[in-house]
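Taking this note's numbering, I'd label the letters of the sequence shown as residues 11 to 210.
All C-beta atoms, glycine included, are put in the ideal place defined by N, C-alpha and C.
Beneath this line is the structure, given in structure tokens, with notes to follow.
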Amino acid sequence: MIIRTIALKAIKDKYISMKTVNRKNFFVLTGGPGMGKTSLLEELERRGYTCIPEAGRPIIIHQMKIKGIALPWKSPMLFGELMFRQAHQDFLTCGEQQQPVFFDRGIPDVMGYMELCRLQPSGEMKEIAKNLRYHPLVFITPPWEEIYSNDTERKQSFPEAVETCKMMQNVYTKLGYQTIEIPKVSIAERADFLIKEIGL
């Protein structure tokens, strides 16, 4: 069941990032946009797993609705800060979960986004990304031009999506995660592959 509190509010100033928190039941799916992450999460949800949607798209939809400026093509820094708040909140909100939780992107993805935009992540972002740990295996949906499409919220070209994928893989590797590419097969087969890899 997808759970999400989408209110874009500041999180408490009392951060738990000064100590390492390992959530080995938290599994991240990352990669470039339009590579099938959402479809895979929907399949996992259909099979009964808890799934957390990405932070970026709901923020874009909300900002467009209110005519806000926290959009990647208007204020990438502000957009990144809102994504960070939501990704952080998602991690904390799911802290009591004992069963597997699948995330459509994690906190380190925000770091990758900032680097792609040639923006400097804050010290707080770096500290939290380093210390709030997901399962050490991170799953990548690789570039797949045949299924790629953009839309109102997803404006990147396919080459830009490829660069995003490379950046995310690099960021997670630097943080000590092991990345595994999900094969270019049907959605059901992708879900089977992921479940087998993590031993569920």
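query: If you run the structure through DSSP and keep just helix, strand and coil, what is Thr30?; result: coil
query: Whether or not the stretch 168-178 and the stretch 96-103 are in contact is what I'm after, with contact meaning three or more pairs of Cβ atoms, one per stretch, closer than 8 Å; do they touch?; result: no
query: Helix, strand or coil, according to DSSP, for Arg67 in the structure here?; result: helix
query: Hey, how far is the Cα of Ile79 from the Cα of Gly209?; result: 43 Å
query: With a cut-off of 8 Å on the beta carbons, I'd call Val120 and Met93 a contact; round off their distance for me.; result: 5 Å
query: Since I believe Asp114 is in contact with Leu39 (beta carbons under 8 Å), could you give me their beta-carbon distance rounded to a whole number of angstroms?; result: 6 Å
query: Can you tell which of Glu207, Lys206, Arg200 has the C-alpha that lies nearest to the C-alpha of Leu51?; result: Arg200
query: By a C-beta neighbour count over all protein chains shown, 10 Å radius and 16 as the cutoff for buried, is Leu47 buried or exposed?; result: Going by the sequence as given, residue 47 is Lys instead of Leu. Classification of Lys47: buried, given that the 10 Å Cβ count is 16 or more.
query: Is any beta-carbon of chain C found at less than 8 Å from that of Gln73?; result: Absent from the structure is chain C; it holds one protein chain and no more.
query: State the CB to CB distance for the pair Glu191 and Ile157, rounded to an integer number of angstroms; the pair is presumed to be in contact (CB under 8 Å).; result: Actually they do not touch by this definition, with Cβ atoms about 15 Å apart.
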